[in-house]
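A short worksheet on the structure shown next.
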Amino acid sequence: MAQIRLIHIGDLHGHLVPRPNVRGDGTGRLEGGLARMATLIARLRAERPNALLVNTGDTIQGSAEALFTRGQALVDVVDALGPDVFAPGNWDYLYGKERFLELFGPGSGGPGRSSHRWGALACNVYHDGSDRLLLPPTAILDLDGARIGFVGLSSERAINALGPWVTEGIRFSGDAHEIPGHVADLRTAGVDIVVLVSEFGLAENILIAEDNPGIDVVLSSDMHEETHQIVRTTTEALVSEVGQDGTRLGVLDLTVGDGGITDWSHTLHVVDESIDPDPEVAALIEDVRRPFLSGADFRPHVNPINGSVLSRPIDEVVGHTEVALHRSDFVDGPRPAVISGTSHDLIAEAIRVEAAADIGHLRGFRYGTHVVPGPIRLEDLFHYLPVGAQVGVGDVPGAAIERLLENSADGALNPDPWAWKGGWLHATAGVRYRLDPDGSAGERTSEVTVRRAHGGAEEPLDVGATYRVAGFFYDAAAGKVGPLDAMGAVEVLRRVAWRWTSPRS
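Heads up, the sequence shown is in this note's numbering, so the first residue is 18 and it goes up one at a time.
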């Protein structure tokens, strides 16, 4: 019998250092930090020599350090953790095809098991216009006499928030149709178990496993769920997901025999203050952060997406909050994140006020951070807004706003996970409506009202009227305010990010 340990991390979203946990079930104490994670990984590897570290994606986006180095800050630190297998998430393609292949393509891995950094796999990501894959679809690793087959699924979508221009030259398939063939090939090659490493999200990964009985284990990312207990599918597959921001780490210990998995145990570890930071990784993190922090080593950085310049240290205090800021409560929490959160409420309202608009809009991003009542630092805002957008304001018909609310609700609350669009309900300021999560498509929102700018009265949404809407703007999507087509020109508030965060009292 082979004794195999799978160590599972995922959805780091650019977090290098600890952050507080102010979720409904949190204590406010610091969690996460890749130096602490490194200590825990080393301990787990020492306990079981036949251990593999698996990273399930969305790693090199989500912070100022990630954005302004095009992912290099995270790559340098995660290299020190030594992942053996990696399934990229959609945000790992943020810096374009050329940069992705530079980081994870052929020859990026150096000496070791794979010629691709971190053993990157994806069976559903192609060079556009062809059937050539960007990465190997599968890998077989031999451990303790067992042959472990891995198949990688990257995201099922491009980066919808920005648009297809970000991933130009790349084609994603979104229905996992490649999986049966690769599972069959691995079985023909004589593997003892098949592990799906996937950034499709927990709900869809469960369905994929149930449609493919040859899968034994699924290590999942994308939805930021925490599986404190393993999910068992109807096909007996074991499914794990490990939260976000490096605050959780999963361990799945397997006993593998001729018939596959004969025994298993699972632990979801909290990465917290009880774990001492690894001094070498802590020093590496200090090095990559130093040019971004106050002091003699700070230097300006150019945003690779829009060319704007970071001219202020990210540890600078730019505001204060009297309430905890986050969007992370689970469905049974006091304020389910799929619906809303204080952080997105703040940002949507800031967009609305600064643009003097009737409505402020922000997509329902799942990434972010947590901020305790007190100072807000610039780096906190980059965790919430790390993709390089300006704010645009334009006139939008009421009918488009009505469709936006319904499409957002359907994309997050449809009972069929395959109909989800990625992310949660969009955040809006200046809009109030009644939401029926169990309603039918097109009938989930009702009693919509809009509070007009400049102290205007709250009034029912008029589908025939025109409203001033402010939201994300990208140069490559001229004429749009967020996902909405504007009627006429869009005014761009290019320095609004700094004005949002200036203390007002």
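Where a beta carbon is used, it is the ideal one built from N, C-alpha and C, also for glycine.
Name the DSSP beta bridge partners of residue i, please?
i	result
H286	L266
F103	N72, A137
L158	I165
A19	V273
I210	I165
S215	L170, S237
F490	Q407
P181	Answer is none; P181 lacks a bridge partner.
I393	G336
R36	E48
L379	A444
Hey, out of the options, whose CA is closest to residue i's CA?
i	options	result
S345	L363, Q261, L213	Q261
D289	R265, L23, R306	R265
G385	R369, L47, G358	G358
T251	L224, G447, A470, I418	L224
I196	W182, V214, P66	V214
L151	H133, D159, R461	H133
L33	I24, L57, S80, E227	S80
I26	D101, R316, P66, A19	D101
G440	L430, V448, R449, A446	L430
A156	I356, V211, E115, F121	V211
F490	R380, A474, P66	R380
L269	G45, R62, A193	R62
G336	D397, G496, A373	D397
Q407	G191, P230, A372	A372
L69	H30, R130, G207, G122	R130
D192	W435, A201, A482	W435
G31	A201, D202, P123, I302	I302
E464	S457, E475, Y450, S328	Y450
Please report the straight-line C-alpha distance between residue i and residue j, rounded to a whole angstrom.
i	j	result
I165	E216	19 Å
D295	M54	8 Å
N323	P477	37 Å
I141	T73	The sequence given here places Asn at residue 141; Ile does not occur at that position. Near 15 Å, if we compare the C-alpha coordinates of T73 and N141.
D362	A83	25 Å
E339	M240	28 Å
A299	V507	45 Å
A139	V480	44 Å
R369	A487	6 Å
S425	L395	29 Å
A367	H286	36 Å
I247	D433	22 Å
L421	D455	18 Å
R521	D304	For R521, the pLDDT reaches just 33, beneath the cut-off of 50, and the residue's location in the model is therefore unreliable, although a value from the coordinates is still provided. Those two C-alpha atoms are separated by around 34 Å.
A137	H471	52 Å
V334	H199	51 Å
G447	E419	14 Å
L402	D209	43 Å
W515	V92	Only weak support exists for where W515 lies, its pLDDT of 39 falling under 50; the coordinates are left without a value.
A19	D161	5 Å
E297	F347	35 Å
W135	G218	20 Å
D280	A220	24 Å
E253	D233	7 Å
T44	R60	25 Å
S519	I278	Unreliable positioning characterises S519 in this predicted model, as indicated by a pLDDT of 31, which lies under 50. The coordinate reading is nonetheless provided below. Whole-angstrom Cα-Cα distance: 56 Å.
V319	G428	34 Å
A417	G473	21 Å
P154	A313	46 Å
D28	A374	34 Å
L158	T205	15 Å
V71	G113	24 Å
Check whether the Cβ atoms of residue i and residue j lie closer than 8 Å to each other.
i	j	result
H378	H443	yes
G409	V326	no
D412	R469	no
R36	L51	no
I58	I24	yes
D293	T462	no
E258	S282	no
T445	I376	yes
L111	V467	no
G49	G263	yes
A226	V256	yes
R65	R116	no
Is there at least one Cβ from chain C nearer than 8 Å to residue i's Cβ?
i	result
E173	No chain C is present in this structure, which holds just one protein chain.
Would the region 39-49 and the region 75-87 be scored as touching if the rule is three or more Cβ pairs under 8 Å?
Contact between the region 39-49 and the region 75-87 is absent, because fewer than three Cβ pairs lie under 8 Å.
Between the region 99-113 and the region 157-171, do three or more beta carbon pairs fall short of 8 Å?
Counting C-beta pairs closer than 8 Å gives three or more between the region 99-113 and the region 157-171, which meets the contact rule.
The region 390-397 in contact with the region 496-512 per 3-pair CB rule at 8 Å:
Counting C-beta pairs closer than 8 Å gives fewer than three between the region 390-397 and the region 496-512, which falls short of the contact rule.
Could you check whether the region 152-167 touches the region 176-184, counting it as contact only if at least three pairs of C-beta atoms, one from each stretch, sit closer than 8 Å?
Judged by Cβ distances under 8 Å, the region 152-167 makes no contact with the region 176-184, as fewer than three pairs qualify.
Answer yes if the region 184-194 comes into contact with the region 145-165, meaning at least three C-beta pairs across the two stretches below 8 Å, and no otherwise.
In short, these stretches touch, since the Cβ pair count reaches three.
Would you check if there are 3 or more beta carbon pairs closer than 8 Å linking the region 300-319 to the region 272-287?
Touching, no, given that fewer than three Cβ pairs across the two stretches are closer than 8 Å.
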